[in-house]
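Trainee: Residue numbers (the numbering used here): 96 to 199.
Quick reminder that beta carbons are idealized off the backbone N, C-alpha and C, glycines included.
1) Should the stretch 113–130 be called in touch with the stretch 142–158, which here means at least 3 C-beta pairs below 8 Å?
2) Which of helix, strand or coil does DSSP assign to residue 154?
3) What do you reckon, are the CB atoms on residue 181 and residue 143 nearer than 8 Å?
4) Drop a sphere of 10 angstroms on the beta-carbon of residue 162, count the other beta-carbons inside from all chains shown, and report buried for 16 or more, exposed for fewer.
5) Report the three-state DSSP secondary structure of residue 197 (helix, strand or coil).
6) Taking the alpha helix (DSSP H) that residue 140 belongs to, which residues open and close that run?
7) Can you tell me whether residue 171 is buried or exposed? The criterion is at least 16 other CB atoms within 10 Å of its CB, across all chains shown.
8) Work out the CA separation of residue 190 and residue 168 for me, nearest whole Å.
9) Below 7 Å CB to CB, which residues in the same chain sit around residue 141 once its five sequence neighbours on both sides are set aside?
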C-alpha cells in the first residue's frame, strides 16, 4: 500500500509470495505375464519410454524376475497417456501386457 496525500505515518508494502508446487509424481509399472515376449517389452520401453536398449533390458529383467518393473516416473497426465500408449500397442500386437500407475 503506497502512502497517500494527507496520510500521516508510514505504510509497508506487503509482498505476496506465490509458491509453485511441484506436481505429484507417478510410477508407470509394467507387469509380467506368460504371453508377452521379452523382446516386445524392450521395444515398448525403447519406443514409448525413450529408454536405451541396455536400460530397457534391465527393466525387462525386473518385470520378468520380480513380476513388475518401473518403466518411468511422470506427472499424472503423462503417466496416464503412457499407460494408454502401452495398452494400445500391446493390443495391436496381440499381447496382454498390463501397465499401471501408482504414486511415486
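Mentor: A quick look at the data gives this:
1) Taking a cut-off of 8 Å on C-beta distances, the stretch 113–130 touches the stretch 142–158, as three or more cross pairs fall below it.
2) Correct three-state label for residue 154: helix.
3) Cβ atoms of residue 181 and residue 143: closer than 8 Å.
4) Around the Cβ of residue 162, a 10 Å sphere holds fewer than 16 other Cβ atoms; the residue is exposed.
5) Residue 197 carries a strand assignment under DSSP once its states are collapsed to helix, strand and coil.
6) For residue 140, the enclosing alpha helix (DSSP H) begins and ends at 133–142.
7) By the neighbour-count criterion, in which a residue is buried when 16 or more other Cβ atoms sit within 10 angstroms of its Cβ, residue 171 is exposed.
8) Looking at the backbone, the Cα of residue 168 and that of residue 190 are separated by about 23 Å.
9) In chain order, 148 and 151 place their CB closer than 7 Å to the CB of residue 141, counting only its own chain and leaving out the 5 sequence neighbours on each side.
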